[in-house]
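In our numbering, the protein residues as written are 26 to 185. Where is the CB? At the ideal position from N, CA and C, for every residue including glycine.
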């Protein structure tokens, strides 16, 4: 492979990326107009669904187009499989890290919950720090306490 082939591949890569950026912006704007035209926000509010499609769907379309543009551009250069494997590994590591971080908070709450459920029942009065109230619900990781006007959620691990 000579220097001209490398320069040509780099130019094609840049053109594909720029083309993908333009297409993603155009499609994002079309989706925004379609959402406004269909009055999707109003329909979702009537159905009491808390979702803002006017922000989420255009952003989602941009990122999907970016991803496919990058894959196509890398394919032209000839390094698609390597990059996709790296992306897949990074995504798996990110998911594993997310699960581990989530479990770090949940496991102690569940453990303390088993101990505390023997001590308290729904309907009991509880006093914790400056919170005084009646237990209205107990789930796997927290208590719901009615304190006058508001409901306070207390994680079990705080009640050790």
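Residue i: which of the options sits nearest, CA to CA?
| i | options | result |
| --- | --- | --- |
| residue 166 | 103, 132, 147 and 159 | 132 |
| residue 33 | 124, 103, 68 and 129 | 103 |
| residue 50 | 29, 88 and 66 | 88 |
| residue 135 | 46, 61, 97 and 185 | 185 |
| residue 138 | 120, 116, 119 and 163 | 163 |
| residue 42 | 81, 95, 148 and 116 | 95 |
| residue 53 | 35, 74, 62 and 85 | 85 |
| residue 151 | 109, 176, 130 and 108 | 176 |
Quick one: what's got a C-beta closer than 6 Å to residue i's C-beta in the same chain, skipping five residues either side?
| i | result |
| --- | --- |
| residue 37 | 101 |
| residue 168 | 160 and 179 |
| residue 146 | none |
| residue 141 | 181 and 184 |
| residue 69 | 76 |
| residue 40 | none |
Looking only at its chain, what residues have a beta carbon closer than 7 Å to the beta carbon of residue i, apart from the 5 residues adjacent to it on each side?
| i | result |
| --- | --- |
| residue 25 | The chain is shown only over 26 to 185; residue 25 falls outside these bounds and no answer can be derived. |
| residue 172 | 156, 157 and 158 |
| residue 65 | 78 |
| residue 91 | 45 and 49 |
So is residue i buried or exposed if we call it buried at 16+ other beta carbons inside 10 Å?
| i | result |
| --- | --- |
| residue 181 | buried |
| residue 113 | exposed |
| residue 126 | exposed |
| residue 124 | exposed |
| residue 170 | buried |
| residue 59 | exposed |
| residue 122 | exposed |
| residue 98 | buried |
Using a Cβ-Cβ cut-off of 8 Å (strictly less than) and excluding sequence neighbours within five positions of residue i, which residues of its own chain qualify?
| i | result |
| --- | --- |
| residue 183 | 153 |
Look up residue i in the DSSP assignment and give the residues it is bridged to.
| i | result |
| --- | --- |
| residue 168 | 163 and 179 |
| residue 153 | 156 |
At least one CB of chain D closer than 8 Å to the CB of residue i: is that the case?
| i | result |
| --- | --- |
| residue 107 | The displayed structure is made up of one protein chain only, and chain D is not part of it. |
Can you give, in chain order, each stretch of the alpha helix (DSSP H) that sits fully within the region 69–125 and has at least 4 residues? 78–102
Could you tell me which uninterrupted alpha helix (DSSP H) segments, each at least 4 residues in length, are contained entirely in the region 28–77, listed from first to last along the chain? 28–63 and 65–71
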